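The numbering of the sequence shown is my numbering, which starts it at 1 and goes up by one. One structure is given here, and the rest of the page talks about it.
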Amino acid sequence: MVDIKSLRREELINFITEKGEKKYRADQLFSWMHKNLAESMDEMSNIPKSLKELIDKEAEFITLKSVDCQVSAQDGTRKYLFALPDENLIESVCMEYREWNSICISSQAGCNMGCRFCASTLGGCKRSLTASEMLEQIYRVQRDSEKRISNVVIMGSGEPLDNYDNLLRFLDILTDEKGFNMGERHITVSTCGLVPEIKRLAGEKRAITLAVSLHAPNDEVRKQLMPVAEKYPMAELMDAVRYYYDCTGRRITFEYALSKGINDDPSQAEELSKLLKGMNCHVNLIPVNPVKERKIAGSSPSVTAAFKSKLEKNGINVTIRREMGRDIDGACGQLRRKHLEAGLHV
Ligand code: SAH
Numbered sequence: 001m002v003d004i005k006s007l008r009r010e011e012l013i014n015f016i017t018e019k020g021e022k023k024y025r026a027d028q029l030f031s032w033m034h035k036n037l038a039e040s041m042d043e044m045s046n047i048p049k050s051l052k053e054l055i056d057k058e059a060e061f062i063t064l065k066s067v068d069c070q071v072s073a074q075d076g077t078r079k080y081l082f083a084l085p086d087e088n089l090i091e092s093v094c095m096e097y098r099e100w101n102s103i104c105i106s107s108q109a110g111c112n113m114g115c116r117f118c119a120s121t122l123g124g125c126k127r128s129l130t131a132s133e134m135l136e137q138i139y140r141v142q143r144d145s146e147k148r149i150s151n152v153v154i155m156g157s158g159e160p161l162d163n164y165d166n167l168l169r170f171l172d173i174l175t176d177e178k179g180f181n182m183g184e185r186h187i188t189v190s191t192c193g194l195v196p197e198i199k200r201l202a203g204e205k206r207a208i209t210l211a212v213s214l215h216a217p218n219d220e221v222r223k224q225l226m227p228v229a230e231k232y233p234m235a236e237l238m239d240a241v242r243y244y245y246d247c248t249g250r251r252i253t254f255e256y257a258l259s260k261g262i263n264d265d266p267s268q269a270e271e272l273s274k275l276l277k278g279m280n281c282h283v284n285l286i287p288v289n290p291v292k293e294r295k296i297a298g299s300s301p302s303v304t305a306a307f308k309s310k311l312e313k314n315g316i317n318v319t320i321r322r323e324m325g326r327d328i329d330g331a332c333g334q335l336r337r338k339h340l341e342a343g344l345h346v
């Protein structure tokens, strides 16, 4: 079965015209799906019944079902739990800013990367998401929101570069001017550091921000936190990141989750400064959000502030990431995990 919401516009035109339909029908369908964010084909008032029946028979129209939504009393952050068509669960987080919203979406149901502080990876990766399932997280949340979603970060559960082809398809459709029309500059892809895929993405020459989950100033510490560091040494990762910058001109973001007693010493801030010196980059610090299955604790506010000022003194751009939605299981994979543990059936 063809998943029509995962087809690029040109592919949809081919699919529709091969069925003997006119090209403008494909344009109408694309617009219903990706601009009007239709929840079902019933909404598509100018599409003839015969074409709807044909699509019903030969294609799938994927939508996500919202199973739970928690709203933070602190900052209005909304965390959605969605059921995929096969009943796997994923989560998406919508953060409110003054004039716009930003959404963090998942790229896989679970994750295989095994980072030691992360809840998403505890049950492994059930499967990668299709382009339509990534788009649907944005579309359903947009329909539920008053403000326009103007930023997308692929920083929820899963490793997006471990789902490369679907990610690219998702990016093509999301940025299509006849669809949701999101600007590439408003999209961030976050990776734990898969070197070959970072280089491949660089070669696509898109104006997408790359966020790299670094979390350590050297290989030894990184290996304690992230199994991926065994596969790709820091030197190779840094080369790939520099190549990404050379190809795209986009400033790199480094994520650094401060873990008490592991990577938060002032000497490690010095070492990190040396590593990043001269790079056009930005460091996002966040104290690890403790996950009950994990022994790793977050650094205290004073240690976090000291780490930040050390980087600043060394001329590194740095912010402490606002911890949004901490009262609603805000950390990666926590809400999904809670539901899985409770044996929730959808
Ligand atoms: N796999 C991708 C994207 C998903 S994780 C990646 O690794 O970048 C999104 C970000 O949240 C990563 O920087 C990840 O390291 C971080 N993260 C995961 N669990 C966390 C926790 N408990 N506390 C703080 N940051 C966490």
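All residues carry an ideal CB built from backbone N, CA and C; glycine is no exception. What you are looking at is a predicted structure, and each value in this text was computed from that prediction instead of being measured.
Beta bridge pairing from DSSP links V152 with I103 and I187. Setting aside the 5 residues that flank it on each side, M44 is surrounded in the same chain by Q28, L29, W32, A38 and K52, each with a C-beta closer than 8 Å to its C-beta; the list follows chain order.
Fewer than three Cβ pairs drawn from the region 99-117 and the region 4-13 lie within less than 8 Å of each other, which leaves the two stretches out of contact. One alpha carbon belongs to Q108, the other to S92, and they sit about 11 Å apart. Between the region 128-138 and the region 154-165 there are three or more C-beta pairs closer than 8 Å, enough to call the two in contact. Residue pairing by DSSP places V71 opposite R78 in a beta bridge. Across the structure, L285 and R321 are spaced so that their CA atoms are roughly 6 Å apart. Taking the CA atoms as reference points, V288 sits about 16 Å from K223. Beyond the five residues adjoining it in sequence on each side, I90 comes within less than 6 Å, by CB distance, of F82, S106 and A109 in the same chain, given in chain order. The three-state secondary structure of P160, taken from DSSP, is helix. Placement of the Cβ of E159 at a distance of less than 7 Å from at least one heavy atom of ligand 1 is found.
Residues of the same chain with a CB within less than 7 Å of the CB of G124, apart from the 5 flanking positions on each side, are G110 and N112 in chain order. In the DSSP assignment, D3 is bridged to E60.
Check the Cα spacing between I62 and each of Y80, R336, H282 and M41: the tightest is with M41. A direct Cα-to-Cα measurement between S300 and E96 gives close to 26 Å. Looking only at M279, I103 and S128, the smallest Cα-Cα distance to N88 is reached by S128.
Within the same chain, and ignoring the five residues on either side of A269 in sequence, the residues whose Cβ sits closer than 6 Å to its Cβ are F307, K310 and L311. Judged by beta-carbon spacing, I187 lies beyond the 8 Å limit of A240, meaning their Cβ atoms are not closer than that value. Rounded to the nearest angstrom, the gap between the Cα atoms of E18 and A26 is 11 Å.
Here DSSP, grouped into helix, strand and coil, assigns E96 to strand.
Closest in C-alpha terms to R148, from the list C192, D172, M182 and S120, comes M182. Scanning the region 189-221 from its first residue to its last, the whole alpha helix (DSSP H) runs of 4-plus residues come out as 195-203. For D219, the closest C-alpha among the options R250, L237, G20 and E99 is that of L237. Rounded to the nearest whole angstrom, the C-alpha separation of K22 and L64 is 29 Å.
V283 sits in a strand when the DSSP states are folded into three classes.
Using a cutoff of 7 Å, the CB of M113 counts as near ligand 1, since one of the ligand's heavy atoms is closer than that. Just measuring C-alpha positions, the residue of G20, A216 and K57 sitting nearest I4 is K57. Closest in alpha carbon position to W100, among D75, S302, Q70 and E146, is E146. Nearest C-alpha to V221 among L258, P48, A59 and V283: L258. Among the bridge pairs identified by DSSP, Q108 is matched with S128. Under the three-state reduction of DSSP, T17 is assigned to helix. In this chain, V303 is not harboured by any beta strand (DSSP E); it is covered by the alpha helix (DSSP H) spanning P301 to K313. A straight-line Cα-Cα distance of about 12 Å links R169 and E204. For A83, the pairing in a beta bridge is given by DSSP as K65 and L89.
In the DSSP assignment, A257 falls within the beta strand (DSSP E) that extends over I252 to L258.
In this structure, DSSP gives T175 a state outside helix and strand, which the three-state scheme calls coil.
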